[in-house]
Each structure stands twice: as structure tokens, then as C-alpha cells.
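In this text, residue positions in the sequence shown follow our numbering: the first is 1133, and each later residue adds one. Report on the following structure.
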Amino acid sequence: MYKDLAGKAAIVTGASKGIGAEIAHRFGREGINVIVNYHSDKSGAQRVVEDIIAYGSKAIAVQGDMSQEASAQALVDAAIHHFGRLDIFVNNAGMEMPAPSHEMTLENWQRVIDVNLTGYFLGSRAALKYFVDNGIKGNLINLSSVHEQIPWPTFAHYAASKGGIKLLNQTLALEYAPSGIRVNAIGPGAINTPINKEKMNDPEKKAALEKIIPMGYAAEPCVVANAAAWLASEQSSYVTGITLFVDGGMTLYPAFMNGNG
Ligand code: BGC
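Below you can see the structure in the form of C-alpha cells.
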């Protein structure tokens, strides 16, 4: 628990399930009031809202496709309207639509880039505008991936979007450091979320995945929420522009683990 977080207000995009839902829950337990954004899973978002209210914080579910220009502003407006403030904005909404690169349609490419990268720009822009206009030393957290660093065949758009997030994150951190606004990314590895459900339920795929995780297992989403809470808190007050990998060592070239090479 971080005492400085109580009473603050946050927006978490894509918070109806998976990592986003876990971060929203954790924020609620920290005493943060949360705007729970969702795209299509209204009941999932509603459950997250009810849990947060049960912890004693405020929460509202707000629908919005983060690739659309109006959505991010609507979330900021909702935070101000319902909570009177905004301190933390978490860009998390993202998607995967794998396809061999030589067969990937432009529509498929565009959709992933629109949500995963342009959506993060739009979310960041709306939050930064509010922080700058109101002189708030706000906090921006971008959910990246180990794939901002590790190439991923058949996920060319996804990897490109995460590589883009890396430099978006660093550029915004540099640009707004003089205003006291901190901008950091989290790079999760394999996490037990709906996006990985199929892999985790298939023993062969699960074993193949665990082989490329030095710590040997896919973690629960709380490990990512722990990182988000720390980055949102004053405990990380001198940290900006990083990607904090939460990956059980996946970015450490696991193929070299036994002295190969
Ligand atoms: C993806 C997961 C994948 C992990 C490691 C994440 O960015 O969302 O599906 O298991 O990277 O490859």
C-alpha cells in the first residue's frame, strides 16, 4: 500500500479484463477513484466497478474505443466530472491479431496500430493537456510489452506498435520532465490473462512458452499491477522514461540460459 495514492483519481483504459482490470482493482484498493474504460465488455467493466466500490473507492465504467479521437477526452472529462481531478492515466487497451506478414491485410495492420499505438498517443495527449493546463504533476503509465524489444513473427503490427510505444514513452518523458510529469512504461512478459488463455490451456503450447521464461512460469496479473502502483506512487518519484520489464527474465535471451553460445 502506498499512502500518497489515497484520494487520487485515475483512468485505466481497457480495464474490463486482464491486466487493465487488475490495475483498476489495485488502484481501488489503494484508495484511488477509477474511471474503468471498456470497449465491448460492459458487464466485465461493471464487475470491476462494483469491486472497487466495495473497497471503499469510487468507480465509473465508461465505454470508448481508444483508437477514436473523442474517446480519451471523454474519459478525462468523466474523471473531472465525477472525481473533480485526474492524477494518473494508464494506457492499457490493446489487441493482438496474428497473421503471417506476407498475408496480413492492411485492415488488420491498421486496426492494431490504431488501437495499440495511436490510441496511446491520443490517451497521452488528453491526459497531458489536462496536466499542463492545470499545473498538475501527473503520472502517465503506458502498458508496453517485452515485444517492444523482442521481435515476434506473425505479430509484426503488434511488435511495431510496442516498439513505437517505447519511443513515444521516452519522448513524452523527456518533453514533460521539466513540468514534473512522469511518464513510464511497463513491459509485461507472459501473463495469465484472457489474451493468453488458449496457449495456457494447451499443454504443448504452455510448455513451449514456459521454456522461454527463465523463471519458468507465466505470472498472474497482480505482478503487473504491483509495478503500476509503484510507478503511480511517490516511491518512484525520481523515475521517468523507463520501461519496467515484468517478465520473469524473458528479455534476458533465454536461449543462452545454459551457457549456450
Ligand atoms: C503478449 C502475450 C505474450 C507475451 C510474451 C505479450 O505482449 O500480449 O500474448 O504471451 O507478450 O510473448
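Note that CB positions come from ideal geometry on N, CA and C, so glycine has one too.
With C-beta atoms as the reference, is residue i less than 9 angstroms away from residue j?
i     : j     : result
V1168 : I1184 : yes
A1317 : L1376 : yes
G1380 : G1321 : yes
I1220 : L1260 : no
S1199 : D1265 : no
M1236 : A1288 : yes
R1179 : M1133 : no
T1145 : N1223 : yes
F1159 : A1364 : yes
A1156 : A1142 : yes
A1138 : G1163 : yes
H1171 : Q1205 : no
S1203 : D1173 : no
V1356 : L1275 : yes
I1313 : K1269 : yes
A1292 : G1373 : no
P1386 : I1327 : no
S1368 : L1300 : no
T1286 : P1232 : yes
V1244 : M1227 : yes
Looking only at DSSP bridge pairs, what is residue i linked to?
i     : result
V1247 : DSSP output for V1247 lists no bridge partner at all.
V1264 : In the DSSP output, where bridge partners are listed per residue, V1264 has none listed.
Y1134 : According to DSSP, Y1134 bridges with nothing at all.
I1323 : A1351
I1282 : Bridge partners of I1282: none, in fact.
N1316 : I1273
Taking only beta-carbon atoms, is residue i less than 9 angstroms away from chain C?
i     : result
I1245 : The structure shown contains no chain C, having only a single protein chain.
How would you label residue i, buried or exposed, when you count the other beta carbons within 10 angstroms and need 16 or more for buried?
i     : result
H1213 : exposed
H1279 : buried
L1249 : buried
L1218 : buried
V1371 : exposed
G1319 : buried
K1337 : exposed
M1382 : buried
Y1290 : buried
P1353 : buried
T1303 : exposed
N1333 : exposed
E1154 : buried
L1254 : buried
For the alpha helix (DSSP H) containing residue i, name the first residue and the last one.
i     : result
F1159 : 1150-1161
N1301 : 1288-1308
A1202 : 1201-1215
What first and last residue would you give for the beta strand (DSSP E) that runs through residue i?
i     : result
Q1195 : 1191-1195
V1222 : 1220-1223
N1333 : Per DSSP, N1333 belongs to no beta strand (DSSP E); it is in the alpha helix (DSSP H), 1329-1333.
A1141 : 1141-1144
I1273 : 1271-1275
I1185 : Segment 1174-1187 is the alpha helix (DSSP H) holding I1185; no beta strand (DSSP E) there.
I1167 : 1165-1170
Unbroken stretches of the alpha helix (DSSP H), 4 residues or longer, contained in the stretch 1338-1384 | 1354-1364
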